[in-house]
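Worksheet: the structure to be examined is printed underneath.
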Amino acid sequence: MEGLLSASLQASCVVSEVLRSIHIALLCVQHHPKDRPTMWSVVLMLVNEGPLPIPKSPAFFTEESCSELESIPSVDVLRRNMD
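Take any residue in the sequence shown, note its place counting from 1, add 288, and you have its number in my numbering.
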């Protein structure tokens with residue numbers, strides 16, 4: 289979680305809930321409005337623990353940003369480290 293959450297907050301939060309919230313936030317900022325969940329769906333995703341849809345690649349994604357992203361751990365890597 290380093291880089292995503294301050295050390296002072298890590299001790300007082302549930303990491304899986306933080307990761308789920310980030311995942312849901314990514315769904316909410318999809319480029320095309322039709323790809324974004326409704327507010328009702330967001331509420332259901334927040335209160336349930338079921339699987340979440342995979343966010344589509346951001347519209348602003350470029351090859352240059354790809355090299356920058358390689359240094360940032362993905363949500364999947366963070367989840368594997370929790371297990």
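Note that beta-carbon positions come from the ideal geometry of N, C-alpha and C, so glycine has one too.
Under the rule that 16 or more other beta-carbon atoms within 10 Å means buried, what is residue i, buried or exposed?
{"i": "M327", "result": "exposed"}
{"i": "S353", "result": "Residue placement at S353 cannot be trusted, given a pLDDT of 48 that sits under 50; the coordinates are not used to answer."}
Does the separation of the CB atoms of residue i and residue j fall below 9 angstroms?
{"i": "L315", "j": "P339", "result": "no"}
{"i": "L293", "j": "V306", "result": "yes"}
{"i": "L384", "j": "S300", "result": "The question about residue 384 has no answer, for the chain in this structure spans 289 to 371."}
{"i": "I312", "j": "P325", "result": "yes"}
Where does residue i sit, in a helix, a strand or coil, going by DSSP?
{"i": "L332", "result": "helix"}
{"i": "S321", "result": "First, the amino acid is wrong: residue 321 is Pro here, not Ser. The answer is helix: DSSP assigns P321 an H, G or I state."}
{"i": "C316", "result": "helix"}
{"i": "E337", "result": "coil"}
{"i": "L297", "result": "helix"}
{"i": "L292", "result": "coil"}
{"i": "I310", "result": "helix"}
{"i": "V302", "result": "coil"}
So, at 7 angstroms on beta carbons, what are the nonlocal neighbours of residue i in its own chain, with the 5 sequence-adjacent residues on each side left out?
{"i": "H323", "result": "Checking the displayed sequence, the identity of residue 323 turns out to be Asp instead of His. Counting only Cβ-Cβ distances below 7 angstroms, and skipping sequence neighbours, we find K344."}
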